[in-house]
Amino acid sequence: AQSVSQHNHHVILSEAASLELGCNYSYGGTVNLFWYVQYPGQHLQLLLKYFSGDPLVKGIKGFEAEFIKSKFSFNLRKPSVQWSDTAEYFCAVTLGSSNTGKLIFGQGTTLQVKP
Amino acid sequence: ETGVTQTPRHLVMGMTNKKSLKCEQHLGHNAMYWYKQSAKKPLELMFVYNFKEQTENNSVPSRFSPECPNSSHLFLHLHTLQPEDSALYLCASSQVASGHNEQFFGPGTRLTVL
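Protein sequence lines correspond, in order, to chains P and Z.
Just so you know, we're using our numbering here: the first sequence kicks off at 2 and counts up by one.
Just so you know, we're using our numbering here: the second sequence kicks off at 35 and counts up by one.
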């Protein structure tokens, strides 16, 4: 079965530190890739997405992610985190062949940024 | 209103109660979803509706019963739930086209089953 794996369950950083959250998926075909963020007490919102084209995708709030097809990875990065980036981050995948729009989520990574 | 709205935001119910969760999307999308979010677990897809037709039931127990009367509204009817069903229930919508699927989420209903 297709799955999404996020390696880091809980990450603690100081402000201005660089961030990289890992995401790997298991599916050999065409995929669409997403990172969602859930700030404390708020609903899930889209950070960035990859459908095709340039594998380096830029999203909101200074986040970016790189799709590396050979590694089945879509890691999220930010060069300098802020306290306001404290949140839970979810990687998700839809299969390119899917006509139902089914999203497969990873288990999430909790990021805590210390001021 | 814009986006995806869910009511109620919080719900406490006993195991013998019957209640319903409501979701409404104001985005003109053609697909709607129910997810369950439990602590320390990935979001679990429960149901998918495309053009009001259920296209996926992810082995969800029959005590959860979805209803999609039109493409803007989605309900989740609950009856004889168990304490382990306590979770955040999220609704989402999307415009499904050629596999592209950016889903927009509602704020969720925090359900507690006593």
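The beta carbon of each residue, even a glycine, is placed where N, CA and C say it ideally should be.
- With the rule of 3 Cβ pairs closer than 8 angstroms, the segment 109 to 120 of chain Z counts as touching the segment 45 to 65 of chain Z.
- For the set Z/Leu-122, Z/Arg-97, Z/Asn-104, Z/Pro-141, the Cα lying nearest the Cα of Z/Ala-65 is the one of Z/Asn-104.
- Against chain Z, the beta carbon of P/His-11 has no neighbour under 7 angstroms; the closest one sits roughly 10 angstroms away.
- Three or more beta-carbon pairs separated by less than 8 angstroms link the segment 61 to 72 of chain P to the segment 24 to 41 of chain P, which places the two stretches in contact.
- The beta carbon of Z/Thr-41 sits closer than 7 angstroms to the beta carbons of Lys-56 from its chain, once the five residues preceding and following it are set aside; these are given in chain order.
- Look at the beta carbons and you see the segment 84 to 103 of chain Z not touching the segment 37 to 51 of chain Z: under three pairs across the two are nearer than 8 angstroms.
- In this structure Z/Gln-71 does not touch Z/Ala-126 by the C-beta definition: roughly 11 angstroms separates them, more than the 8 angstroms allowed.
- Its chain contains Val-5, Phe-91, Ala-93 as the residues whose beta carbon lies nearer than 7 angstroms to that of P/Phe-106, once the 5 sequence neighbours on both sides are disregarded; these appear in chain order.
- Against chain Z, the beta carbon of P/Lys-103 has neighbours under 7 angstroms at Leu-79, Val-82, Glu-90, listed in chain order.
- Going by DSSP, Z/Pro-100 is part of the beta strand (DSSP E) stretching over 98 to 104.
- Contact between the segment 10 to 19 of chain P and the segment 55 to 67 of chain P is not established, with fewer than three Cβ pairs separated by less than 8 angstroms.
- Neighbours of P/Phe-91 in chain Z, taken as residues whose beta carbon is under 9 angstroms from its own, are Pro-76, Leu-77 in chain order.
- When Cβ-Cβ separations below 8 angstroms define contact, P/His-44 makes contact with chain Z.
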